[in-house]
Amino acid sequence: MSERREATPAAGREAWRLCVAPMMDWTDRHCRWFHRQLAPHARLYTEMVATGAVVFGDADRHLAFSPEERPVAVQFGGCDPDHLARCAELAEARGYDEVNLNCGCPSPRVKAGAFGAVLMLEPENVAACVAAMRRATSLPVTVKCRIGVDDHDRLDFLCRFVETVARAGCEVFVVHARKAWLEGLSPRENREIPPLDHERVYRLKEAFPELVIVLNGGIRTPEEALSHLAQVDGVMIGREAYANPWVLPAFERALFDPAFGPTRRAVLERVVAYAREMHGREGVPVHAVARHLLGLANGLPGARHFRRILSEETRGREVDPRILLDAWARVRDPEEVALTHA
Numbered sequence: 004m005s006e007r008r009e010a011t012p013a014a015g016r017e018a019w020r021l022c023v024a025p026m027m028d029w030t031d032r033h034c035r036w037f038h039r040q041l042a043p044h045a046r047l048y049t050e051m052v053a054t055g056a057v058v059f060g061d062a063d064r065h066l067a068f069s070p071e072e073r074p075v076a077v078q079f080g081g082c083d084p085d086h087l088a089r090c091a092e093l094a095e096a097r098g099y100d101e102v103n104l105n106c107g108c109p110s111p112r113v114k115a116g117a118f119g120a121v122l123m124l125e126p127e128n129v130a131a132c133v134a135a136m137r138r139a140t141s142l143p144v145t146v147k148c149r150i151g152v153d154d155h156d157r158l159d160f161l162c163r164f165v166e167t168v169a170r171a172g173c174e175v176f177v178v179h180a181r182k183a184w185l186e187g188l189s190p191r192e193n194r195e196i197p198p199l200d201h202e203r204v205y206r207l208k209e210a211f212p213e214l215v216i217v218l219n220g221g222i223r224t225p226e227e228a229l230s231h232l233a234q235v236d237g238v239m240i241g242r243e244a245y246a247n248p249w250v251l252p253a254f255e256r257a258l259f260d261p262a263f264g265p266t267r268r269a270v271l272e273r274v275v276a277y278a279r280e281m282h283g284r285e286g287v288p289v290h291a292v293a294r295h296l297l298g299l300a301n302g303l304p305g306a307r308h309f310r311r312i313l314s315e316e317t318r319g320r321e322v323d324p325r326i327l328l329d330a331w332a333r334v335r336d337p338e339e340v341a342l343t344h345a
């Protein structure tokens with residue numbers, strides 16, 4: 004392997020200590036705004052944005068976000084260095100904090116476009132893409148990948164990929180601790196069937212101590228996160244953050260601020276104000292915001308009624324955001340009861 008550079012300063016590594024994963028159809032701007040209320044220090048990621056949609060389409064629509072979401076990274080899917088460079092330039096102009104290249108998505112549609120996980124088989128091209136983006140922006144250019152692809156699943160394959168891309172200037176790698184099968188499995192199955200191998204990511208960190216290595220895959224609790232953080236620089240939470248968003252304040256307390264303690268209702272009141280503002284300013288329907296809140300009441304009495312109202316009664320364009328608080332009135336939250344009787 005090539006000669007190592009000095010390690011990234013600890014202050015820089017802290018920026019990736021807790022991340023919320025990019026998730027297609029889920030982590031849109033409204034979801035990210037909601038997650039920011041739950042985890043003030045987390046680094047948030049957009050859904051993957053195809054470079055063609057930005058270069059040849061409506062860049063303003065695809066790159067829109069609220070300043071309150073920051074720090075926020077935009078993830079691009081593409082394989083053309085020039086297109087990625089242009090996207091990076093536009094992302095910086097709009098105020099993003101990071102540009103991330105998707106080298107982990109295994110979907111057939113993405114593979115047909117020659118980007119996503121298939122790029123792990125082309126490390127020199129990924130390096131060229133990273134180099135082009137770094138020339139176009141002063142933002143950190145990072146890569147999200149898998150531990151392997153198909154039968155290319157040994158540690159030396161992963162290390163060769165990382166070493167090649169790191170030479171182009173990438174200092175942060177977010178690694179999903181599963182390999183990807185490019186044939187035979189759906190994207191959902193690729194998130195569940197290939198076994199997790201967290202140890203492989205630990206070994207990668209040992210091989211590249213100067214790089215920031217963020218572990219993604221199967222992390223559900225703050226206790227698990229703290230255990231992983233003894234081995235790597237950061238953790239990325241995916242499906243658990245979306246399905247059970249109230250876990251995010253627990254991560255915030257464990258990793259950053261032990262005193263952080265909003266109530267669900269307080270968060271919901273802020274979401275109502277946000278939904279009202281977005282509806283008035285941009286015509287965003289309440290359901291576009293409400294759909295990300297379905298897991299907020301998980302485990303509480305009345306959660307089923309809350310989910311039903313959000314799913315069935317928020318779809319009209321003229322629905323008042325206040326319906327979110329009306330739905331919450333069906334829920335019994337022990338934290339609110341305790342505060343009422345304090």
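Numbering-wise (the numbering used here), the sequence shown opens with residue 4 and increments by one.
By construction, the Cβ of each residue, glycine as well, lies at the ideal position given by its N, Cα and C atoms.
Environment of residue i [buried if 16+ CB atoms lie within 10 Å]
i    : result
A45  : buried
A18  : buried
G302 : exposed
G319 : exposed
H191 : One point to set straight first is that residue 191 is Arg, not His, in the sequence displayed. When all chains shown are included, R191 counts as exposed.
R16  : buried
D154 : exposed
E209 : exposed
D260 : exposed
E195 : exposed
G264 : exposed
Beta-carbon contacts of residue i that lie in its chain and below 8 Å, excluding the five residues immediately before and after
i    : result
H308 : A330, R333 and V334
I312 : I326, D329, A330 and R333
E50  : P25, M26, M27, D28, W29, T30, D31 and Q78
L124 : V152 and H155
L142 : A91, A94, E95, Y99, D100, E101 and V102
E243 : I222, R223 and V250
Inter-residue spacing [alpha-carbon to alpha-carbon] between residue i and residue j
i    : j    : result
D100 : C106 : 19 Å
V121 : V152 : 7 Å
V270 : V168 : 40 Å
Y205 : G187 : 28 Å
A345 : E338 : Legend: pLDDT at A345 = 41, less than 50; position of this residue unreliable, value from coordinates given subsequently. A345 and E338: Cα-Cα distance of roughly 10 Å.
C132 : P84  : 4 Å
E226 : N247 : 16 Å
S230 : D336 : 30 Å
V250 : T54  : 32 Å
T224 : V23  : 13 Å
R149 : G81  : 16 Å
A262 : R256 : 7 Å
T140 : R89  : 9 Å
E285 : D323 : 15 Å
A341 : T266 : Because A341 sits at a pLDDT of 46, beneath the cut-off of 50, its placement in the model cannot be relied upon, and the point is left open.
Y245 : L207 : 28 Å
V52  : R181 : 22 Å
L87  : V57  : 10 Å
P109 : C34  : 23 Å
E127 : Y48  : 25 Å
R163 : M136 : 21 Å
T343 : P304 : Unreliable placement is indicated for T343, whose pLDDT of 44 sits below 50; no coordinate value is reported for it.
V306 : M281 : It is Ala, not Val, that sits at residue 306 in the sequence shown. Looking at the two C-alpha atoms, the distance is approximately 26 Å.
R310 : V129 : 42 Å
R138 : E321 : 46 Å
L104 : G283 : 34 Å
Q234 : S189 : 31 Å
Distance CB(residue i)-CB(residue j) smaller than 8 Å
i    : j    : result
L21  : L258 : yes
V238 : A228 : yes
G241 : M27  : no
A134 : A91  : no
V144 : V102 : yes
R203 : L158 : yes
V215 : V165 : no
A314 : L299 : Just to set this straight, residue 314 is Ser in the shown sequence, not Ala. No, the pair does not count as a contact, with Cβ atoms beyond the cut-off.
Neighbourhood of residue i by C-beta distance below 7 Å, restricted to the same chain and skipping five residues each side
i    : result
T317 : V289, H290, A293 and I326
R97  : L66
F160 : G151
E71  : W36 and R39
C173 : V133, V144, T145 and V146
R279 : P324
H295 : H33, C34 and F37
W184 : P109, D153, N193 and P197
Below-8 Å beta-carbon distance, residue i vs any chain D residue
i   : result
P70 : The question asks about chain D, but that chain is absent: this structure has only one protein chain.
Same chain only: Cβ atoms within 6 Å of residue i, ignoring 5 sequence neighbours per side
i    : result
R7   : Its pLDDT being 41, under 50, R7 is placed unreliably by the model, and nothing is read from it.
S69  : W36
H179 : G107, R149, N219 and G220
F118 : G80, G81 and C82
Three CB pairs or more closer than 8 Å across the segment 55-62 and the segment 270-284: Touching, no.
At least 3 beta-carbon pairs within less than 8 Å: the segment 210-227 vs the segment 184-201: Touching, per the Cβ criterion.
Touching by the beta-carbon criterion (3+ pairs, under 8 Å), the segment 20-40 and the segment 69-80: Flag = yes, the segment 20-40 and the segment 69-80 touch.
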